[in-house]
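**Q** Position 230, counted from 1, in the sequence shown is what full-length UniProt numbering calls 230; the numbers after and before it change by one each time, with no gaps.
Ideal Cβ positions, reconstructed from N, Cα and C, are used throughout, including at glycine.
A single structure is presented below for examination.
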Amino acid sequence: MKRKVTKAIFPVAGLGTRFLPATKSIPKEIMTLVDRPLIQYAIDEARAAGIKEFIFVTSRGKSALEDYFDHANELEAHLRRNGREDLLAILKTTNMDSGAIAYIRQHKALGLGHAVWCARRLVGNEPFAVLLPDDVIAGDKPCLQQMVEVYAETGGNVVAAMEVPHSKTSAYGILDVKEDLGALVSVRGMVEKPAVDAAPSNLAVIGRYILTPAIMRNLDRIKAGSGGEIQLTDAIAEEIVRSDNVYGFRFRGQRFDCGSKAGFLQATVAFALARPDLRDEFSQFLAEMTAVRRAAE
Ligand code: UTP
């Protein structure tokens, strides 16, 4: 019988060099879209998908992230005294149950595959989800929930996939499609950051995965690959050869690459415009900015 997916790994041990100097002291995952840190979006998505255990793979300098999930007793008492039930309700969404959250250190940034492998003892012999918080996905049904449903049907490894322009394929893990079944594709291979003319398709893997325990066993053996890093892609590609049990899934939703500056700004605009309390003022500002720019051109 297929086991339910109740554990999720959040690899957050990367150096975040694209956001220097901010990431010199602020973990990328704490940077905010409007008023919520990136990590909160990922946690909410995981919760909606039925995840009960949250495993963070962290590194030196990420203590702000750990503090974020603590109860802020003094602040809560202050808000209670002042009758600010509205703000208390917002704070409540950041609290995690005792024992639901675990932190594991990746001592050196050896790659995403290595970060996931660091959580192997906490995951044990169970299927698990992996969420990269810098991919933020907006949509009616949370992306991971869609994937859990696909996993319940297939029992195989499921990776979130989306079409990207051919010129951008060298920035992603790319699927070699065996059979296109619509939202679902079966794959015969997967390659990390291929040269543009060597990309087997333009179907890119983005930061949501549901993986079987076999992937951890593959990671036990994987050596450094593309970019000198231990790649999760290589462990998944090995599983395609070994068990033919890997699916790409075209999720429904809009993905923002918040690991890049342009993507982060686009997400900020999109999320601000989706907020009833900000929409009018912000869209007026954007219209004025656009008019000023047009006039200057
Ligand atoms: P990125 O490729 O975006 O790297 O990692 P990064 O270090 O976060 O950012 P840049 O490229 O230097 O700006 C994708 C995800 O994998 C995690 C990151 O934290 C991010 O969530 N990661 C990457 C690790 O946890 N450990 C690693 O060794 C590498």
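#1: Does the stretch 189-199 come within contact of the stretch 163-171, defined as at least 3 CB pairs closer than 8 Å?
#2: Given this structure, state the Cα-to-Cα distance separating A199 from V164, to the nearest angstrom.
#3: Can you give me the C-alpha to C-alpha distance between V5 and R293, rounded to a whole angstrom?
#4: Indicate, with yes or no, if the ligand UTP has a heavy atom lying under 7 Å from the CB of K28.
#5: For T6, name the three-state secondary structure that DSSP assigns.
#6: Taking C-alpha atoms, which residue in I101, L181, D197, S201 lies nearest to G189?
#7: Between which two residues does the beta strand (DSSP E) carrying T58 extend?
#8: Please confirm whether A9 and V57 have their CB atoms less than 8 Å apart.
#9: From H166, V159, T23, L211, pick the residue whose C-alpha is nearest to that of A119; which is it?
#10: Say the cut is 7 Å; is the CB of R18 nearer than that to a heavy atom of the ligand UTP?
#11: Is V5 a contact residue of the ligand UTP, with contact defined as CB to any heavy atom under 7 Å?
#12: The beta strand (DSSP E) spanning N95 covers which residue range?
#13: Specify, as a first and last residue, the run of the beta strand (DSSP E) that L203 falls within.
#14: What are the boundary residues of the beta strand (DSSP E) that includes D280?
#15: Helix, strand or coil for G156, going by three-state DSSP, please let me know.
#16: Take the Cβ of L144 as the centre, count every other Cβ of all protein chains shown within 10 Å, and call the residue buried at 16 or more, exposed below.
#17: Below 7 Å, is the gap between the Cβ of P21 and the nearest heavy atom of the ligand UTP?
#18: Does the distance from the C-beta atom of N95 to that of H71 stay below 8 Å?
#19: Does the Cβ of Q284 have 16 or more other Cβ atoms within 10 Å, making it buried, or fewer, making it exposed?
**A** Let me spell this out:
#1: yes
#2: For the purposes of this step, residue 199 is taken as residue 199 along the sequence shown, with counting starting at 1. For the purposes of this step, residue 164 is taken as residue 164 along the sequence shown, with counting starting at 1. Distance between the alpha carbons of A199 and V164 is about 11 Å.
#3: Residue 5 sits at position 5 when you count from the first residue of the sequence shown. Residue 293 sits at position 293 when you count from the first residue of the sequence shown. Straight-line Cα distance between these residues: approximately 49 Å.
#4: Residue 28 sits at position 28 when you count from the first residue of the sequence shown. Checking every heavy atom of the ligand UTP against the Cβ of K28, one is found closer than 7 Å.
#5: On the sequence shown, position 6 is the one that residue 6 refers to. In this structure, T6 counts as coil in the three-state DSSP scheme.
#6: In the sequence shown, residue 189 corresponds to position 189, counting from 1. Of the candidates I101, L181, D197, S201, the one whose C-alpha sits nearest the C-alpha of G189 is S201.
#7: Residue 58 sits at position 58 when you count from the first residue of the sequence shown. 53-58 is the extent of the beta strand (DSSP E) around T58.
#8: The count along the sequence shown starts at 1 and reaches residue 9 at position 9. The count along the sequence shown starts at 1 and reaches residue 57 at position 57. A small fix is needed here, since residue 9 is Ile in this sequence, not Ala. Result yes, Cβ atoms of I9 and V57 sit closer than 8 Å.
#9: Numbered from 1 along the sequence shown, position 119 holds the residue referred to as residue 119. The candidate whose alpha carbon is nearest that of A119 is L211.
#10: One-based indexing of the sequence shown puts residue 18 at position 18. Within the cutoff, so yes.
#11: Looking up residue 5 in the sequence shown gives position 5. No, Cβ of V5 sits at least 7 Å from all heavy atoms of the ligand UTP.
#12: Mapped onto the sequence shown, residue 95 falls at position 95. It is not in any beta strand (DSSP E) - N95 carries neither H nor E in the DSSP assignment.
#13: As a first step, residue 203 must be located in the sequence shown, where it is residue number 203. L203 -> beta strand (DSSP E) spans 203-211.
#14: To locate residue 280, count along the sequence shown from 1; it is residue 280. First-last for D280: 279-296, but that is the alpha helix (DSSP H), not the beta strand (DSSP E).
#15: The residue given as residue 156 occupies position 156 in the sequence shown. Coil, per DSSP.
#16: Along the sequence shown, read from residue 1 onward, the residue named residue 144 stands at position 144. Answer is buried; the Cβ neighbour count reaches 16.
#17: By one-based count along the sequence shown, residue 21 stands at place 21. No, the Cβ of P21 stays beyond 7 Å of every heavy atom of the ligand UTP.
#18: Start at 1 with the first residue of the sequence shown, and residue 95 comes out as number 95. Start at 1 with the first residue of the sequence shown, and residue 71 comes out as number 71. Yes, the Cβ-Cβ distance between N95 and H71 is below 8 Å.
#19: As a position in the sequence shown, residue 284 is number 284, starting the count at 1. That one is exposed.
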